[in-house]
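**Student:**
Residue numbers (my numbering): 90 to 370.
(1) Are the stretch 132-151 and the stretch 295-303 touching by the rule of at least three beta carbon pairs closer than 8 angstroms?
(2) Given this structure, state the Cα-to-Cα distance separating residue 92 from residue 98, to the nearest angstrom.
(3) Tell me which residue opens and which closes the beta strand (DSSP E) that residue 289 is part of.
(4) Which one or two residues does DSSP pair with residue 184 in a beta bridge?
(5) Determine the extent of the alpha helix (DSSP H) in which residue 171 is found, giving its start and end residues.
(6) To the nearest whole angstrom, what separates the beta carbons of residue 297 and residue 149, a pair I think is in contact under 8 angstroms?
(7) Just how far apart, CA to CA, sit residue 162 and residue 333?
(8) Give the secondary structure of residue 178 by DSSP, where H, G and I count as helix, E and B as strand, and everything else as coil.
(9) Given that a residue counts as buried once 16 or more other Cβ atoms are within 10 Å of its Cβ, and exposed if not, what is residue 175?
(10) Which residues mark the beginning and the end of the beta strand (DSSP E) in which residue 205 is found?
(11) Given a threshold of 16 other Cβ atoms within 10 Å of its Cβ, counted over all protein chains shown, does residue 294 qualify as buried or as exposed?
(12) Between the C-alpha atoms of residue 217 and residue 323, what's the straight-line distance to the nearest angstrom?
(13) Count the other C-beta atoms from every protein chain shown that fall within 10 angstroms of the C-beta of residue 336, then say buried if there are 16 or more, exposed otherwise.
(14) In the DSSP output, which residue or residues are listed as bridge partners for residue 321?
(15) If we count the other Cβ atoms within 10 Å of its Cβ and call it buried at 16 or more, is residue 263 buried or exposed?
(16) Using CA atoms only, rank isn't needed, just tell me which of 287, 260, 244, 265 is closest to residue 37.
(17) Ends of the alpha helix (DSSP H) at residue 258?
(18) Could you pull the DSSP bridge partners for residue 250 from this structure?
(19) Specify the secondary structure class of residue 326 as computed by DSSP and reduced to three states.
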């Protein structure tokens with residue numbers, strides 16, 4: 090089996106919306122952040138604008154994983170087909186120069202299957218929640234820049250937060266390879282190729298604004314997508330990561346966990362481990 094493992098890559102999307110523009114949008118939408126509480130209160134008395142305060146704001150880059158694996162198997166296998174005859178009067182059939190005797194109205198014909206099997210696995214995974222999210226594919230239409238992991242801090246605007254992925258890529262790769270590497274029932278194998286084509290970590294810009302409703306002692310968050318401009322009510326901020334340096338070896342931990350990859354054709358663990366060690370030299 091020929092197994093190819095691509096280089097891991099990190100990409101950062103370029104903001105389509107500036108922080109200042111996002112803040113203006115958030116200020117205009119701040120009442121929406123309080124949802125049902127605001128609707129209930131508005132029946133009694135509409136709150137004044139000065140009751141709301143922008144208490145915190147952040148620009149951050151959120152991670153998602155993009156993993157692609159293609160597999161190709163070309164092989165022959167011997168098989169036997171049953172061919173129903175046209176009537177009970179048929180006792181023998183000559184086919185391909187060979188004569189076959191009828192057995193209860195059918196003949197058994199030995200043959201060779203010429204097989205070509207192609208498999209494609211493509212996964213988009215939120216790096217924070219671990220949820221599979223195919224809609225993340227829509228971000229790939231935006232311009233992005235490949236950034237070496239050693240230069241992440243230099244690439245990110247001052248004051249922006251780079252959220253570390255909480256989902257280990259090794260677990261995802263193990264799952265993808267388990268789906269792609271198969272035990273083929275064949276008499277002769279001509280091609281048996283598995284290629285891990287993409288192991289990519291993408292970072293997309295997100296702006297978050299936390300508002301306080303002072304008279305009600307309530308807080309709510311507005312999030313604005315830095316690529317699409319979409320506005321939504323958020324549920325968390327990431328100020329705990331402000332100013333912290335990423336553990337870059339954790340971003341791609343394939344080599345560290347390679348020993349735990351148990352698959353048919355187990356040499357994949359060796360190949361990934363070797364690739365990891367070579368990158369350390």
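Glycine residues also receive a C-beta, built at the ideal position from the N, C-alpha and C atoms. The structure presented is a predicted model; accordingly, all values stated were derived computationally and were not measured.
**Tutor:** So, from the data block:
(1) By the Cβ criterion, the stretch 132-151 is in contact with the stretch 295-303, since at least three pairs of Cβ atoms, one from each stretch, lie closer than 8 angstroms.
(2) Working through the chain shown from its first residue, we reach residue 92 at position 3. Working through the chain shown from its first residue, we reach residue 98 at position 9. Between residue 92 and residue 98, the C-alpha separation is close to 19 angstroms.
(3) Residue mapping note: residue 289 aligns to position 200 of the chain shown, counting from 1. It spans 277-302 - the beta strand (DSSP E) in which residue 289 sits, taken as one unbroken run.
(4) Walking along the chain shown from the start, residue 184 turns up at place 95. Residue 184 pairs with 187.
(5) The count along the chain shown starts at 1 and reaches residue 171 at position 82. If you look at residue 171, you'll find it isn't in any alpha helix (DSSP H); it sits in the beta strand (DSSP E) that goes 141-173.
(6) Translated into positions along the chain shown, residue 297 becomes position 208. Translated into positions along the chain shown, residue 149 becomes position 60. With a Cβ gap of about 7 angstroms, residue 297 and residue 149 count as contacting.
(7) As a first step, residue 162 must be located in the chain shown, where it is residue number 73. As a first step, residue 333 must be located in the chain shown, where it is residue number 244. One alpha carbon belongs to residue 162, the other to residue 333, and they sit about 46 angstroms apart.
(8) Translated into positions along the chain shown, residue 178 becomes position 89. In the structure shown, the three-state DSSP call for residue 178 is coil.
(9) The residue given as residue 175 occupies position 86 in the chain shown. Around the CB of residue 175, fewer than 16 other CB atoms lie within 10 Å, so the residue is classed as exposed.
(10) On the chain shown, residue 205 is found 116 positions in, with the first residue counted as 1. First-last of the beta strand (DSSP E) with residue 205: 195-215.
(11) Your numbering for residue 294 matches position 205 in the chain shown. So residue 294 counts as buried.
(12) As a first step, residue 217 is located in the chain shown; it is residue number 128 there, counting from the start. As a first step, residue 323 is located in the chain shown; it is residue number 234 there, counting from the start. Computed Cα separation, rounded: 14 angstroms.
(13) On the chain shown, residue 336 is found 247 positions in, with the first residue counted as 1. Exposed, by the Cβ-count rule.
(14) Taking the first residue of the chain shown as position 1, residue 321 is located at position 232. Bridge partners of residue 321: 312.
(15) Walking along the chain shown from the start, residue 263 turns up at place 174. Under this definition residue 263 is a buried residue.
(16) Residue 37 lies beyond the stretch modelled for the chain, which goes from 90 to 370, so this question has no answer here.
(17) Translated into the one-based positions of the chain shown, residue 258 becomes position 169. Per DSSP, residue 258 belongs to the alpha helix (DSSP H) from 258-269.
(18) On the chain shown, residue 250 is found 161 positions in, with the first residue counted as 1. Answer by DSSP bridge pairing, in chain order: 149.
(19) By 1-based counting over the chain shown, the position of residue 326 is 237. The answer is coil: DSSP assigns residue 326 none of H, G, I, E or B.
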